[in-house]
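Everything in the sequence shown is counted per the numbering used here, starting at 27 for the first residue and increasing by one.
Even for Gly, the Cβ is constructed at its ideal location relative to N, Cα and C.
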Amino acid sequence: MGQTLYLDCFAGISGDMVTGCLLDLGADREKLEKALQSMALEGYQIKISRVKKAGLDVCDFAVLLDKEHENHDHDMDYLHGDFTSHSHGHEENHHAIHSHIHENDGRAAHSQGVHHIHAHRGLMEINEIIRQAEISERARDTALRIFGILAKAEAEAHGVPENEVHFHEVGAVDSIIDVVAAAICLDDLDITEVIIPFLCEGGGMVRCQHGMMPIPVPAVTNIIRSCKLPVRPIGEKGEFVTPTGAAIAAAIRTKGQLPRQYQVLSSGMGAGKRNYARPSILRGMLLREQEPDSVDVWKLESNIDDSTGEALGFTAELLMENGAADVYYAPIFMKKNRPSYLLAVICTEDKIPLLEKIIFENTTTIGIRRFPAWRSVLSRQAKECDTAFGKVTVKICTFPDGTKRIYPEYESIRKICREQNAVYWEVWQRVTEECRNFFA
Numbered sequence: 027m028g029q030t031l032y033l034d035c036f037a038g039i040s041g042d043m044v045t046g047c048l049l050d051l052g053a054d055r056e057k058l059e060k061a062l063q064s065m066a067l068e069g070y071q072i073k074i075s076r077v078k079k080a081g082l083d084v085c086d087f088a089v090l091l092d093k094e095h096e097n098h099d100h101d102m103d104y105l106h107g108d109f110t111s112h113s114h115g116h117e118e119n120h121h122a123i124h125s126h127i128h129e130n131d132g133r134a135a136h137s138q139g140v141h142h143i144h145a146h147r148g149l150m151e152i153n154e155i156i157r158q159a160e161i162s163e164r165a166r167d168t169a170l171r172i173f174g175i176l177a178k179a180e181a182e183a184h185g186v187p188e189n190e191v192h193f194h195e196v197g198a199v200d201s202i203i204d205v206v207a208a209a210i211c212l213d214d215l216d217i218t219e220v221i222i223p224f225l226c227e228g229g230g231m232v233r234c235q236h237g238m239m240p241i242p243v244p245a246v247t248n249i250i251r252s253c254k255l256p257v258r259p260i261g262e263k264g265e266f267v268t269p270t271g272a273a274i275a276a277a278i279r280t281k282g283q284l285p286r287q288y289q290v291l292s293s294g295m296g297a298g299k300r301n302y303a304r305p306s307i308l309r310g311m312l313l314r315e316q317e318p319d320s321v322d323v324w325k326l327e328s329n330i331d332d333s334t335g336e337a338l339g340f341t342a343e344l345l346m347e348n349g350a351a352d353v354y355y356a357p358i359f360m361k362k363n364r365p366s367y368l369l370a371v372i373c374t375e376d377k378i379p380l381l382e383k384i385i386f387e388n389t390t391t392i393g394i395r396r397f398p399a400w401r402s403v404l405s406r407q408a409k410e411c412d413t414a415f416g417k418v419t420v421k422i423c424t425f426p427d428g429t430k431r432i433y434p435e436y437e438s439i440r441k442i443c444r445e446q447n448a449v450y451w452e453v454w455q456r457v458t459e460e461c462r463n464f465f466a
């Protein structure tokens with residue numbers, strides 16, 4: 027059946043945050059490390075630890091680059107100028123993954139002005155590294171899908187074909203690790219459904235390879251637009267959604283809304299490396315959907331003072347024929363003491379468009395109110411019962427304590443009365459007694 031994952035992106039999302047969160051949810055650490063070691067990549071180490079974020083114990087997944095490959099993309103002063111405090115700590119190296127189209131200018135290491143020039147990897151090379159890794163087919167497909175989304179966004183940002191997008195080797199190293207690690211953990215936990223209602227993003231400017239850029243950066247903007255990811259501005263300066271994080275969210279998201287009622291099987295938190303006012307934490311939960319104790323319904327209402335009785339009666343028939351659970355009219359007095367009727371319709375949410383169309387077309391109303399409602403419903407069954415009058419259909423309702431109540435169906439009683447010229451209440455009473463004994 028697979029498991030359902032809910033990602034609460036209240037502080038954005040990045041690749042390392044996703045992997046940390048999944049490890050905290052129970053993904054196999056040894057399996058992850060063994061799979062990553064099978065990849066043809068050098069110049070890095072993996073560190074999995076526990077850190078404190080806003081006083082909470084959070085799992086931290088870090089890709090530590092060696093001195094030769096380090097690009098110092100963790101310097102907050104360098105990234106944000108003078109509008110955030112200066113602090114350090116490795117961050118997912120997502121800006122280094124911004125496409126580098128046949129340029130060799132490198133990127134400033136930090137404010138001291140040191141520059142490094144690195145080789146580049148194209149999308150085909152990165153895909154080949156992923157294909158040759160000793161990981162499951164499902165994890166491989168997920169990782170390739172994530173990088174495909176990322177490459178498309180970068181190619182669009184720079185106006186070049188996807189096969190011409192080249193990534194800094196530095197960025198490719200830890201971005202490949204972040205993406206593949208997330209894919210491995212998702213597979214290990216057997217995640218088949220992922221609920222992400224929205225991504226929280228900040229504002230302001232951030233320094234990228236090609237200079238200062240507005241937040242969200244172009245790659246993130248392209249991903250959230252093309253993949254229809256809902257974004258919620260949080261009114262804080264800082265970059266909370268990284269390109270890799272956005273690509274992961276776009277690749278794995280299957281739903282945008284939590285079930286009405288669910289059980290939390292386990293929860294986990296993954297740490298980000300940025301230091302903003304809002305703690306860099308990604309929270310995840312494994313959920314099991316539960317049937318609610320009540321049935322969700324909607325109530326449609328309209329006050330009508332100038333439709334004929336024939337039109338209202340015909341409308342009620344159409345509404346019932348087209349899926350309304352119930353339809354009724356109640357006499358009311360409207361403005362200017364006009365006698366009129368309150369039309370009320372009970373239905374499920376999927377029936378609302380059709381039933382509203384019927385009301386508008388067949389009455390004179392120009393407005394319909396709608397209200398969500400919850401109803402307590404007894405368990406019920408329709409069965410046939412042999413009686414002195416013949417077969418009768420009855421409704422058997424069961425109370426929570428197990429008590430049963432028998433209700434003969436009107437149409438069955440009506441048919442008997444018509445055919446046998448019997449009195450309705452006498453037939454109803456006798457059939458009820460016989461069926462009560464029959465199903466006792």
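*Extent of the continuous beta strand (DSSP E) run through Val232*: Looking up residue 232 in the sequence shown gives position 206. Per DSSP, Val232 belongs to the beta strand (DSSP E) from Met231 to Cys234.
*Could you tell me if Trp454 is buried or exposed, where buried requires 16 or more neighbouring beta carbons within 10 angstroms of its beta carbon?*
Along the sequence shown, read from residue 1 onward, the residue named residue 454 stands at position 428. Under this definition Trp454 is a buried residue.
*Assumed close pair Thr391, Ser328 - CB separation to whole angstroms, cut-off 8 Å*: Taking the sequence shown and counting its residues from 1, one reaches residue 391 at position 365. Taking the sequence shown and counting its residues from 1, one reaches residue 328 at position 302. Correct: roughly 4 Å between the Cβ atoms.
_Burial state of Val403 (16 or more Cβ within 10 Å)_ = Here the question's residue 403 lines up with position 377 in the sequence shown. When all chains shown are included, Val403 counts as exposed.
*Under a three-way DSSP split, which group does Pro259 fall into?*
Residue mapping note: residue 259 aligns to position 233 of the sequence shown, counting from 1. Note: Pro259 maps to strand in three-state DSSP.
_Whole-angstrom distance between Ala208 and Met238, CA atom to CA atom_ = Mapped onto the sequence shown, residue 238 falls at position 212. Mapped onto the sequence shown, residue 208 falls at position 182. The straight-line gap from Cα to Cα measures roughly 29 Å.
*asked:* Does Lys254 pass the burial test, meaning 16 or more other C-beta atoms within 10 Å, or should it be called exposed?
replied: Indexing the sequence shown from 1 puts residue 254 at position 228. Exposed, because fewer than 16 other Cβ atoms sit within 10 Å of the Cβ of Lys254.
*Kindly indicate the opening and closing residues of the beta strand (DSSP E) around Leu380.*
Your numbering for residue 380 matches position 354 in the sequence shown. No beta strand (DSSP E) holds Leu380; the alpha helix (DSSP H) holding it covers Ile378 to Asn388.
*Candidates Glu387, Ile394, Gly46 and Ala399: which alpha carbon is nearest Val205's?*
By one-based count along the sequence shown, residue 205 stands at place 179. With distances taken between Cα atoms, Val205 lies closest to Gly46.
*Mind reading off the beta-carbon distance from Val220 to Leu381? Whole number of angstroms is fine, and I expect it under 8 Å.*
Position 194 of the sequence shown, counted from the first residue, corresponds to residue 220. Position 355 of the sequence shown, counted from the first residue, corresponds to residue 381. That belief does not hold up - the Cβ atoms of Val220 and Leu381 are roughly 33 Å apart, past 8 Å.
*Spell out a yes or no on whether the segment 323-340 and the segment 402-417 are touching, meaning 3 or more CB-CB pairs, one atom from each, closer than 8 Å.*
no
*Reference Met150, options Arg164, Gln283, Lys73 and Arg171, closest by Cα*: Taking the sequence shown and counting its residues from 1, one reaches residue 150 at position 124. Of the candidates Arg164, Gln283, Lys73 and Arg171, the one whose C-alpha sits nearest the C-alpha of Met150 is Arg171.
*Residue burial classification, Ser438 (beta-carbon count within 10 angstroms, cutoff 16)*: In the sequence shown, the residue the question calls residue 438 occupies position 412. Buried is the call here.
*How about Ala399 and Arg456: are their beta carbons less than 9 Å apart?*
Position 373 of the sequence shown holds residue 399. Position 430 of the sequence shown holds residue 456. Taking 9 Å as the Cβ cut-off, Ala399 and Arg456 do not qualify as a contacting pair.
*Taking contact to mean at least 3 C-beta pairs separated by less than 8 Å, is the segment 239-246 in contact with the segment 287-303?*
no
_Give me, in chain order, the residues of the same chain whose beta-carbon lies closer than 7 Å to that of Pro305; leave out the 5 immediate sequence neighbours on both sides._
Residue 305 sits at position 279 when you count from the first residue of the sequence shown. So the qualifying residues of the chain are Ala37, Lys79 and Ala80.
*Taking one C-beta from the segment 55-69 and one from the segment 339-347 each time, how about it: are there three or more such pairs within less than 8 Å?*
no
*Should Val290 go down as buried or exposed, given a rule of 16 or more other Cβ atoms within 10 Å for buried?*
Numbered from its first residue, the sequence shown carries residue 290 at position 264. When all chains shown are included, Val290 counts as exposed.
_Buried versus exposed, by CB contacts within 10 Å (16 or more), Gly393_ = Numbered from 1 along the sequence shown, position 367 holds the residue referred to as residue 393. Classification of Gly393: exposed, given that the 10 Å Cβ count is below 16.
*With 16 as the cutoff for other CB atoms within 10 Å, does Leu90 come out buried or exposed?*
Residue mapping note: residue 90 aligns to position 64 of the sequence shown, counting from 1. Leu90 is exposed by the Cβ-count criterion.
*According to DSSP, is Arg314 helix, strand or coil?*
Stepping through the sequence shown from its first residue, residue 314 is reached at position 288. Strand.
*Secondary structure at Arg55, three-state DSSP: helix, strand or coil?*
As a first step, residue 55 is located in the sequence shown; it is residue number 29 there, counting from the start. In the structure shown, Arg55 sits in a helix (DSSP, three-state: H, G or I).
*Have a look at the DSSP bridge pairing and note the partners of Ile172.*
Position 146 of the sequence shown, counting from 1, holds the residue named residue 172. Note: Ile172 sits in no beta bridge, so no partner.
*asked:* So Leu176 and Thr270 are supposed to be a Cβ contact under 8 Å. How far apart are they, rounded?
replied: The count along the sequence shown starts at 1 and reaches residue 176 at position 150. The count along the sequence shown starts at 1 and reaches residue 270 at position 244. Yes, they are in contact, since the Cβ atoms of Leu176 and Thr270 sit about 7 Å apart, within 8 Å.
*Once you ignore the five residues that flank Asp86 on each side, which residues in its own chain have a CB closer than 6 Å to its CB?*
The count along the sequence shown starts at 1 and reaches residue 86 at position 60. Cβ neighbours of Asp86 beyond the five flanking positions: Gly46, Ser75, Val77 and Ala297.
*Could you tell me how far apart the beta carbons of Cys423 and Lys417 are, in whole angstroms, since I believe they sit closer than 8 Å?*
Indexing the sequence shown from 1 puts residue 423 at position 397. Indexing the sequence shown from 1 puts residue 417 at position 391. Going by Cβ atoms, the distance from Cys423 to Lys417 rounds to 20 Å, so no, they are not a contact pair.
*Contacting residues, own chain, Cβ-Cβ under 6 Å from Asp34 (five flanking each side not counted)*: Taking the sequence shown and counting its residues from 1, the one referred to as residue 34 is at position 8. Contacts found: Arg309.
*Tell me, please, which residues DSSP counts as bridged to Ile72.*
The residue labelled residue 72 in the question sits at position 46 within the sequence shown. Paired residues: Val89.
*asked:* Whole angstroms are fine: how far does the CA of Ser40 sit from the CA of Leu312?
replied: Walking along the sequence shown from the start, residue 312 turns up at place 286. Walking along the sequence shown from the start, residue 40 turns up at place 14. If I take the Cα positions, the gap works out to 19 Å.
*DSSP state of Met295, grouped into three classes?*
To locate residue 295, count along the sequence shown from 1; it is residue 269. Looking at Met295 - three-state DSSP - the assignment turns out to be strand.
*Note the first and the last residue of the continuous alpha helix (DSSP H) segment covering Glu459.*
The residue you call residue 459 lines up with position 433 of the sequence shown. From DSSP, the alpha helix (DSSP H) with Glu459 extends over Tyr450 to Phe464.
*The beta strand (DSSP E) with Glu410 in it runs from where to where?*
Residue 410 sits at position 384 when you count from the first residue of the sequence shown. Unbroken beta strand (DSSP E) run through Glu410: Ser405 to Thr413.
*asked:* Assuming Cys423 is part of the beta strand (DSSP E), what are its boundary residues?
replied: The sequence position of residue 423 within the sequence shown is 397, counting from 1. Here the beta strand (DSSP E) through Cys423 covers Gly416 to Thr424.
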